[in-house]
Amino acid sequence: MTLRNEMITVFGASGFIGRYVVRELAKAGYRVRAATRRPHLAHELKPMGVVGQVQLIQANLRNEDSVRRAVDGAHAVVNLVGILAQSGKQNFQSLQAEGAGLVAKCAAEAGITNFVQISAIGADEDSASEYARTKALGEKAVREAIPSSVILRPSIVFGTEDGFFNKFGSMARFAPALPLIGGGKTRFEPIFAGDVAQCVLKAVESPSKYAGRTYELGGPGIYTFKEILEFILTTIRRKRLLAPVPFFAAYPLGMVGEILGALPFVEPFLTRDQVTLLKSDNVSGLTDEDLGSVKDFGIDLESVEAIPPTYLVRYRKGGQFSEDPEMIA
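Numbering of the sequence shown is given in the numbering used here, commencing with residue 4 and proceeding in unit increments.
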């Protein structure tokens with residue numbers, strides 16, 4: 004591998020998608036400045052490149068000085084910061100709306116026009132979901148600061164450390180039933196984190212080709228919520244009841260999840276905002292906007308059938324050493 008002179012700053016580098024993006028950029032020879040709130044907990048990023056290729060730097064999207072330091076001298080900036088549940092000062096408005104705008108503003112003032120913003124399918128300023136609304140506000144702030152920015156909107160993203168397939172695989176080990184929120188009819192277009200990272204790389208490498216456009220990123224298949232849960236249960240060889248939960252009944256569950264999520268080191272299993280999100284399909288091509296798609300990046304997409312079974316196996320009885328092909332209780 005030939006190292007390149009260009010430095011790419013990646014905000015949210017230690018997050019789920021961030022780790023894939025750092026690896027992809029490093030493989031392409033870029034120097035990577037991995038910006039994260041807690042760099043002392045992100046040492047797994049450094050071996051993704053050769054010695055000195057991946058640098059860790061402390062940055063907080065609520066601290067302008069730290070953001071300015073992180074973008075100083077960068078050739079391009081990638082912002083992946085996002086959350087699925089709020090906790091204290093780490094809320095949707097401060098990170099996904101104001102934070103994205105701050106990163107773009109600092110990048111623009113540093114003369115950087117090569118900017119990639121990770122958003123989400125369903126981003127809409129008029130959405131009833133605060134997650135989707137702030138994603139759209141973040142897009143708007145980024146585009147105002149850097150008109151040439153590339154905005155990527157993935158559907159749910161899967162990969163070894165994902166918070167979707169793993170969540171329900173883990174729940175199935177102990178729970179007698181899994182909840183079908185809204186009857187399980189919501190449709191998703193899951194995409195592999197490695198494929199999202201490839202799209203980021205292509206956007207960084209060819210800014211003139213992708214500049215100024217928004218792209219929806221969906222995988223090779225569309226599945227309902229129910230079909231995904233059935234796939235998970237089949238893969239981990241466990242029989243569980245799929246219990247339909249109407250939306251009106253799911254909101255109290257979301258409130259309970261938020262209360263539990265306020266406890267230290269507890270991840271909420273569901274929030275009211277997530278229930279609101281589940282009322283809308285999470286697939287590409289549903290808006291009237293002139294948007295690009297994952298096809299514009301010309302990559303071979305990995306499927307749900309190919310990747311998740313490699314890590315869902317841990318939720319089988321006996322884990323990877325399970326030899327019983329039958330479904331178990």
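Glycine included, each C-beta is placed from N, C-alpha and C at the ideal position.
All values reported here derive from a predicted model rather than from experimental measurement.
- In this structure, the straight-line span from the alpha carbon of residue 321 to that of residue 175 is close to 14 Å.
- In terms of CA proximity to residue 269, 259 leads the group 29, 26, 259 and 277.
- With respect to residue 228, residue 166 sits apart: the two C-beta atoms are not nearer than 9 Å.
- In this structure the segment 233-246 does not touch the segment 200-210; the number of beta carbon pairs closer than 8 Å is below three.
- With fewer than 16 neighbouring CB atoms inside 10 Å of its own CB, residue 55 falls in the exposed class.
- In the three-state reduction of the DSSP assignment, residue 90 falls in the strand class.
- Non-local beta-carbon contacts of residue 99 in its own chain, meaning distances under 8 Å to residues more than five positions away in sequence, involve 84, 85, 86, 134, 137, 138, 140 and 141 in chain order.
- Proximity of the segment 246-266 to the segment 148-161 falls short of the contact definition, fewer than three beta-carbon pairs being nearer than 8 Å.
- Residue 10 is bridged by DSSP to 34.
- The C-alpha of residue 155 is placed about 11 Å away from the C-alpha of residue 300.
- Between the alpha carbons of residue 323 and residue 66 lies a gap of roughly 44 Å.
- For residue 144, the enclosing alpha helix (DSSP H) stretches over residues 133-148.
- Pairing residue 310 with residue 302, the inter-Cα distance amounts to about 16 Å.
- Under the criterion of beta carbons closer than 8 Å, residue 62 and residue 69 qualify as touching, at roughly 4 Å.
- About 4 Å separates the CB atoms of residue 221 and residue 287; that is less than 8 Å, so the two are in contact.
- From the listed residues 202, 316 and 308, the smallest Cα separation to residue 20 is found for 202.
- Here the C-alpha atom of residue 75 lies approximately 49 Å from the C-alpha atom of residue 237.
- Between residue 35 and residue 200 the beta-carbon gap is near 12 Å, outside 8 Å, which marks them as no contact.
- Of the residues 143, 121 and 214, the one whose Cα lies closest to the Cα of residue 129 is 143.
- With distances taken between CA atoms, residue 293 lies nearest to 219 out of 219, 278 and 190.
- Cα atoms of residue 111 and residue 117: separation of roughly 9 Å, rounded to the nearest angstrom.
- Cβ contact annotation for residue 312 (same chain, cutoff 8 Å, sequence separation greater than five): 238, in chain order.
- Residue 311: member of the alpha helix (DSSP H) spanning 311-315, first to last residue.
- Per DSSP, the unbroken beta strand (DSSP E) holding residue 82 starts and ends at 79-82.
- The alpha helix (DSSP H) runs of length 4 or more contained entirely in the segment 175-217 are, from start to end of the chain, 196-208 and 210-213.
- Pairing residue 151 with residue 214 gives a Cβ-Cβ distance under 9 Å.
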